[in-house]
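S.K.: In the numbering used here, the protein residues as written are 9 to 138. Here it is, the structure, as structure tokens.
The structure is reproduced here in structure tokens:
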């Protein structure tokens, strides 16, 4: 009996669907993150002293964008490996990885105020305490 599930054409179709599902997931993560951050911003708009709600809103959106970009990058890798593997497709993937990595670094700088290779400051050292 012929195993049609493992046929090359079927594997390509399955990988295309997996890549598409991961791309959709990345888009959903970004959109839901923005919606949830906006709901959080609107409901916490009570002007409590010491609470910078705009900064919290910006951080929440930045984190959802970072996570969404990582998921979209995974989808690009799967789609590139699943189909014709040529120098052109690998080159396009490399350019996408470079662009998305740069975007992730810039978003991390905006959200956390540091580059990825810089150590995370503890709360005590940020206040001047040893």
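The C-beta atom is built at its ideal place from N, Cα and C for all residues, glycine as well.
When we look at the beta-carbon of residue 69 and count the other beta-carbons within 10 Å, is it buried (16 or more) or exposed?
M.R.: Buried.
S.K.: Quick check on the DSSP output: the alpha helix (DSSP H) that includes residue 91 runs from which residue to which?
M.R.: Segment: none, residue 91 is in no alpha helix (DSSP H) and carries neither H nor E.
S.K.: Using the Cα positions of residue 83 and residue 104, report the straight-line distance between them to the nearest angstrom.
M.R.: Cα to Cα, the separation comes out at about 11 angstroms.
S.K.: Measuring straight from C-alpha to C-alpha, what distance separates residue 26 and residue 20?
M.R.: Taking the straight line from one Cα to the other gives about 10 angstroms.
S.K.: Going residue by residue through the stretch 18-67, where are the continuous beta strand (DSSP E) segments of at least 3 residues, counting only ones entirely within it?
M.R.: Complete beta strand (DSSP E) runs here, min 3: none at all.
S.K.: Label residue 63 either buried or exposed according to how many other C-beta atoms from any shown protein chain fall within 10 Å of its C-beta, with 16 as the threshold for buried.
M.R.: Exposed: under 16 other Cβ atoms inside 10 Å.
S.K.: Cα-Cα, which of 92, 76, 72, 129 is closest to residue 30?
M.R.: Of the listed residues, the one whose Cα sits closest to residue 30 is 76.
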